[in-house]
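Engineer: My questions will all concern the structure given below.
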Amino acid sequence: MIDYSSMLSQTVQDIKPSGIRKFFDMLADMGDVVALTVGQPDFVTPWHIREAAIDSLEKGKTYYTSNSGMPELRDEISRYMKRRFSLDYHRDEIIVTVGGSEAIDIALRALINPGDEVILPVPSFVCYEPIARMCGAKVVKIDTKLENSFKLTASELREAITDKTKVLILPFPNNPTGAILTKEELEELASVLRGTNIAVLSDEIYAELTYGREHTSIASIEGMRERTVIASGFSKAYAMTGWRLGYICAPAPLAKEMLKLHQFAIMCAPTASQFGAVEAMKNGDEDIAYMRAEYDRRRVFILEGLRKIGIECFEPEGAFYIYPNIGKFGLSSEEFCERLLYEHRCAIVPGTAFGESGEGFARISYAYSLKHIKEALKRIEEFVKTLK
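Note that my numbering gives residue 111 to position 64 of the sequence shown, counting from 1, and the numbers run on in steps of one.
This is the structure:
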């Protein structure tokens, strides 16, 4: 008999599976479930983007591209970053990746040595800690607080830094809380980082989905561009989740090393997806504006709906998630979500899927139609009435 436990990496065995996917998988054999679990836009990728990819296939453009991505796509990303966020990146500072997830992975693997410390504000998306740990890093978590609108503060950052700190992960706009960081708040964080050799990995996949104010990248703050790696992609802003396309923007010395990892693990991102992405960045600004306005309508609707039910909620300012406080019902986050699923066929994700600090909260995605959200609110209300 083979002892697989001794064959496998102990680090990998110690990593827990995604709590998001656990609930997603639970739905597979259940009927009549209203699910608000996954951060997937319910919009179809705009036709002009699909058409560009189809055209590339019809013309037989099914070859490998440059490892770092088609030059014309990297040029469009460069123009996009300048147009939308006032950031200057040359094509040699841009790598086209297989989704934002690969961007995060190769950034952390290129930056971390075993024994380094990575600062991670939580709650946050599920991939950062496992990837950092697989690189041999110690993950130093900072529990963001409701009273601070789930934002990382300069004083918290300063207290967490040691002589082993290598990377700060900035997951804003935040999944799951919907928190953002303003330019003024980023300036305060930058004042702590200047003079250090700490890199910043800024996950800006939701940069286009902010409500009431425009997104500011920490790379635009004085002294931050040279230490910042921006990870982003096309999934959220352009409703291109299944196209699996992302990108990194980073100073050339960092991008050069990250490209090695991409070369050996991936070769290049899908070619048809890249042709679609060129069209998205050239002519997709109106698509972004339309979808953002729709998400904003849903954001306001679900916030008001949950409050009417009697569930306290932080008002999200970015992404497409709301993070209600369910602690008063006397159940753990997992118990609340499991009972809601099995008793009322409504699926949301327990806050603990995003770190232990998520206890007492749940994440609800409003990347779904208003009709879908209305039915979910009805079932949540019915369930909450049974707990009083």
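Note that CB positions come from ideal geometry on N, CA and C, so glycine has one too.
These numbers come from a predicted model, not from an experiment.
1) Drop a sphere of 10 angstroms on the beta-carbon of Phe-383, count the other beta-carbons inside from all chains shown, and report buried for 16 or more, exposed for fewer.
2) Quick check on His-137: buried or exposed, where buried means 16 or more other Cβ atoms within 10 Å of its Cβ?
3) For Lys-106, does the three-state DSSP call read helix, strand or coil?
4) Which complete alpha helix (DSSP H) runs does the segment 84 to 150 hold, if anything under 4 residues is left out?
5) Please determine, among Phe-408, Leu-308, Ala-297 and Thr-318, the residue with the shortest C-alpha to C-alpha distance to Ala-157.
6) Does the Cβ-Cβ distance between Ile-373 and Ala-409 come in under 7 Å?
7) Rank Ser-320, Gly-147, Asp-210 and Ile-208 by C-alpha distance to the C-alpha of Ala-254 and give the top, closest one.
8) Can at least three beta-carbon pairs, one atom from the segment 265 to 277 and one from the segment 124 to 139, be found at a separation below 8 Å?
9) In three-state DSSP terms, what is Glu-359?
10) Determine the extent of the beta strand (DSSP E) in which Ile-189 is found, giving its start and end residues.
11) Leu-256 by DSSP, collapsed to three states: which one?
12) Between which residues of its own chain and Phe-348 is the CB-CB distance below 7 Å, once the five residues before and five after are set aside?
13) Figure out for me which residue from Arg-180, Ile-178, Lys-188 and Val-165 has the closest Cα to the Cα of Asp-210.
14) Going by CA-CA distance only, name the one from Gly-225, Lys-375, Ile-96 and Ile-358 that's closest to Thr-257.
15) Helix, strand or coil for Ala-299 per DSSP?
16) What's the gap between the Cα of Thr-263 and the Cα of Ala-400?
17) Would the segment 320 to 334 count as touching the segment 52 to 61 if we require 3 or more Cβ pairs under 8 Å?
18) Flag this pair as yes or no: are the beta carbons of Thr-191 and Pro-220 separated by less than 7 Å?
19) Less than 7 Å between C-beta atoms, sequence neighbours within five positions excluded: which residues of the same chain meet that for Ala-246?
20) At what residue ranges does the segment 289 to 344 contain a whole run of the beta strand (DSSP E), taking only runs of 3 or more?
21) Once DSSP output is grouped into helix, strand and coil, what is the label at Gly-398?
22) Find out if the Cβ-Cβ distance for the pair Ala-82, Ala-394 is shorter than 7 Å.
23) By the three-class DSSP mapping on this structure, what secondary structure does Ile-153 have?
24) I need the DSSP call for Ser-412, collapsed to helix, strand or coil.
25) Between the Cα of Gln-321 and those of Lys-129, Leu-240, Gly-293 and Glu-341, spot the shortest distance and give me the residue it belongs to.
26) Please confirm whether Ile-189 and Glu-203 have their CB atoms less than 7 Å apart.
27) So what's Ser-264 in DSSP terms, helix, strand or just coil?
28) Do Leu-155 and Cys-174 have their C-beta atoms within less than 7 Å of each other?
29) Once you ignore the five residues that flank Leu-233 on each side, which residues in its own chain have a CB closer than 7 Å to its CB?
30) Cutting at 6 Å between CB atoms, please list the residues of its own chain near Gly-398, excluding the five before and the five after it.
31) With 16 as the cutoff for other CB atoms within 10 Å, does Met-117 come out buried or exposed?
32) Near Ala-319, which residues of its chain fall below 7 Å by C-beta distance, leaving aside the five closest residues on each side in sequence?
33) Ends of the alpha helix (DSSP H) at Ile-373?
34) Give the DSSP-derived three-state secondary structure of Ala-384 in the structure shown.
35) Please give the ranges of any alpha helix (DSSP H) in the segment 167 to 251, keeping only runs that are unbroken, at least 4 residues long and fully inside the region.
36) For Arg-241 and Glu-140, I'd like the C-alpha separation in whole angstroms.
Structural biologist: Considering the structure as presented:
1) buried
2) exposed
3) Collapsing the DSSP output to three states places Lys-106 in coil.
4) 94 to 105 and 118 to 132
5) Leu-308
6) yes
7) Gly-147
8) yes
9) strand
10) 185 to 190
11) It is coil, neither helix nor strand.
12) In its chain, beyond the 5 residues on either side, Leu-417 and Ile-420 have a beta carbon closer than 7 Å to the beta carbon of Phe-348.
13) Selected option, being the one with the closest Cα: Val-165.
14) Residue Gly-225 is the option with its Cα nearest to Thr-257.
15) Helix, per DSSP.
16) 27 Å
17) no
18) Against a cut-off of 7 Å, the Cβ pair of Pro-220 and Thr-191 comes out as no contact.
19) So the list reads Leu-158, Lys-213, Val-214, Arg-274 and Val-276, once near-sequence residues are dropped.
20) 293 to 296
21) helix
22) Less than 7 Å separates the beta-carbon of Ala-82 from that of Ala-394.
23) helix
24) strand
25) Measuring from the Cα of Gln-321, the nearest candidate turns out to be Gly-293.
26) yes
27) coil
28) no
29) Thr-263, Ile-265 and Ile-268
30) Ser-380, Gly-405, Phe-408 and Ala-409
31) buried
32) Ala-100, Ser-103 and Leu-104
33) Where Ile-373 is concerned, there is no enclosing alpha helix (DSSP H), given that its DSSP letter is neither H nor E.
34) Strictly speaking, residue 384 in this sequence is Cys, with Ala absent from that position. Annotated three-state conformation of Cys-384 is helix, per DSSP.
35) If we require 4 residues or more, the alpha helix (DSSP H) runs fully inside the segment 167 to 251 come out as 175 to 181, 201 to 207 and 230 to 240.
36) 22 Å
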